[in-house]
Amino acid sequence: MKAIQIVDLTGPDSALALVDAPEPEPSHMLSPGEGVVIDVHAAGVSFPEVLQTRGEYQFKPPLPFVPGSEVGGVVRSAPGGAAVKAGDRVAGFCMLGAFAEVAVAPAHMTFPLPDSLDFRQGASLVLNYHTAYFALKTRGRLEPGETVLVHGAAGGVGTAVLQVARGLGAQTIAIVSTDAKEQVARAAGADHVLRSDGPWKDQAKGLGGADVVIDPVGGERFTDSIRSLKVGGRVVVVGFTEGSIPEVKVNRLLLANTEVVGAGWGAYLMPRPAYATEVGDAVAGLIERGFVEPIVGASFPLEQAADALKLIDSRGATGKVVLDVA
Ligand SMILES: NC(=O)c1ccc[n+]([C@@H]2O[C@H](COP(=O)([O-])OP(=O)(O)OC[C@H]3O[C@@H](n4cnc5c(N)ncnc54)[C@H](OP(=O)(O)O)[C@@H]3O)[C@@H](O)[C@H]2O)c1
Numbered sequence: 584m585k586a587i588q589i590v591d592l593t594g595p596d597s598a599l600a601l602v603d604a605p606e607p608e609p610s611h612m613l614s615p616g617e618g619v620v621i622d623v624h625a626a627g628v629s630f631p632e633v634l635q636t637r638g639e640y641q642f643k644p645p646l647p648f649v650p651g652s653e654v655g656g657v658v659r660s661a662p663g664g665a666a667v668k669a670g671d672r673v674a675g676f677c678m679l680g681a682f683a684e685v686a687v688a689p690a691h692m693t694f695p696l697p698d699s700l701d702f703r704q705g706a707s708l709v710l711n712y713h714t715a716y717f718a719l720k721t722r723g724r725l726e727p728g729e730t731v732l733v734h735g736a737a738g739g740v741g742t743a744v745l746q747v748a749r750g751l752g753a754q755t756i757a758i759v760s761t762d763a764k765e766q767v768a769r770a771a772g773a774d775h776v777l778r779s780d781g782p783w784k785d786q787a788k789g790l791g792g793a794d795v796v797i798d799p800v801g802g803e804r805f806t807d808s809i810r811s812l813k814v815g816g817r818v819v820v821v822g823f824t825e826g827s828i829p830e831v832k833v834n835r836l837l838l839a840n841t842e843v844v845g846a847g848w849g850a851y852l853m854p855r856p857a858y859a860t861e862v863g864d865a866v867a868g869l870i871e872r873g874f875v876e877p878i879v880g881a882s883f884p885l886e887q888a889a890d891a892l893k894l895i896d897s898r899g900a901t902g903k904v905v906l907d908v909a
């Protein structure tokens, strides 16, 4: 099969190679001896793959390896007891191996893809939407009627948070850096859109403040995220795309009874496979009710995976970036 491998750690420009690789066995590291084999139509591209080309991601497989954590495709074979069967359209989370014509996902991380979504949207569904639900509901304890502020709101996680938050009955405030990203955040259903280089903290407070801040960006703005909270509010730490890891003066938390909460979806999920089904069902309900419809901002042929990674690396991505494989 055709596949993209990471062959060295020199960055997205030079670390990738298009290879002819053997098809994977029906076994996955999360379900040894078993796995759903998927004919890949589209593969999702995310920040971790950019970091993996530089050896900067926490999960460091030995070189060479096929990167890519999620796919939209058609099941070729599935183990007994799986919720999907041969011929089904699915969204699958495979951790590695998605940048290829055939990939394997564990059964509990493979979800039926509704007819209303295409394969590119299927490749956009698991990582960002499960993370959004986990960060908002499980870690952020979001209640209907509350207000969510989300940074990097036009990005993959950001657009997913906007859609899921609305589906859970929240108002949303999106923080973005450009006009084009403002349009994307509005298309994802943001109630208010503010600029990251403007007085967004005061503007957010003018709108009543936030009950939950979802932060995939980190860096300098973190203290203002805490200041933008209502009494009892929660800042949920999701990522650090800005590049630096913020520090918190904890007296600020005491003054208004606020919280900073970590949200590591993978670490939470690993010992709790049933949680994937619970969130999969919740996301399926949000798709059916019209709240969740992944926004695909750019797509590239498999051979141009480097261009997809460079788009994310240069802060140019909106919504989800995908590779067309079949
Ligand atoms: N904790 C978890 O379980 C979990 C799960 C999934 C993803 N993540 C993490 O969440 C983060 C966001 O992922 P994503 O897929 O949403 O990425 P993305 O689509 O590239 O969006 C990230 C956003 O970050 C903002 N940003 C600010 N400074 C930036 C910089 N210097 N370089 C690049 N972007 C910058 C950009 O928005 P503006 O230009 O509008 O500022 C951009 O739209 C990543 O760090 C990822 O690893 C964490």
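The sequence shown maps to residues 584 to 909 in the working numbering.
For every residue, glycine included, the Cβ atom is placed at its ideal position computed from N, Cα and C.
Under 7 Å: does the beta carbon of residue i sit that close to some heavy atom of ligand 1?
i: Gly705; result: no
i: Gly816; result: no
i: Trp848; result: yes
i: Ala674; result: no
i: Gly826; result: yes
i: Pro631; result: yes
i: Gly741; result: yes
i: Leu710; result: yes
i: Ala626; result: no
i: Lys788; result: no
i: Ile895; result: yes
i: Ser779; result: yes
i: Gly670; result: no
Assuming the contact rule is C-beta atoms closer than 8 Å, residue i and residue j should be a hit. Round their C-beta distance to whole Å, please.
i: Lys585; j: Leu892; result: Not really, about 17 Å apart at Cβ, beyond 8 Å.
i: Ala773; j: Phe702; result: With a Cβ gap of about 26 Å, Ala773 and Phe702 do not count as contacting.
i: Val709; j: Pro799; result: Their Cβ separation, rounded to whole angstroms, is 16 Å, which puts Val709 and Pro799 out of contact at 8 Å.
Taking the straight line between their C-alpha atoms, what separation do you get for residue i and residue j?
i: Val866; j: Ala706; result: 14 Å
i: Ala857; j: Ala686; result: 22 Å
i: Tyr716; j: Phe883; result: 28 Å
i: Gly815; j: Gln754; result: 17 Å
i: Ile870; j: Glu684; result: 27 Å
i: Glu653; j: Gly627; result: 5 Å
i: Phe823; j: Gly664; result: 38 Å
i: Ala839; j: Thr806; result: 13 Å
i: Ala787; j: Val657; result: 44 Å
i: Val820; j: Ser699; result: 32 Å
i: Glu606; j: Glu861; result: 31 Å
i: Ser897; j: Asp890; result: 10 Å
i: Gln704; j: Phe682; result: 16 Å
i: Ala850; j: Met692; result: 14 Å
For residue i, which beta-bridge partners are listed by DSSP?
i: Ser610; result: Answer is none; Ser610 lacks a bridge partner.
i: Gln786; result: Gln786 is not bridged to any residue.
i: Asp535; result: Because the chain spans 584 through 909 in this model, residue 535 falls outside it and cannot be assessed.
i: Phe694; result: Ala674
i: Ala626; result: Val654 and Leu906
i: Arg817; result: Val795 and Glu842
For residue i, I'd like the list of residues in its chain whose CB is within less than 8 Å of its CB, leaving aside the five on either flank, ordered along the chain.
i: Leu725; result: Leu719, Val731, Ala748, Leu751, Ala753, Asp794 and Val795
i: Val590; result: Ala598, Leu599, Ala600, Leu646 and Pro647
i: Arg659; result: Val620, Ile621, Asp622, Ala669 and Val685
Going along the chain, which residues of its own chain have a beta-carbon closer than 6 Å to the beta-carbon of residue i, five neighbours each way excluded?
i: Lys668; result: Ala661
i: Val843; result: Val818 and Val831
i: Met678; result: Ser652
i: Tyr640; result: Pro631 and Leu634
Counting only the same chain and skipping the five closest in sequence on each side, list residues whose C-beta sits under 7 Å from that of residue i.
i: Lys784; result: Asp807, Arg810 and Ser811
i: Lys764; result: Ala737 and Thr901
i: Leu745; result: Val733, Ala736, Thr755, Ala757, Ala768, Ala771, Gly772 and Ala773
i: Arg872; result: Gly750
i: Ser827; result: Gly801 and Gly802
i: Arg637; result: Leu592 and Gly594
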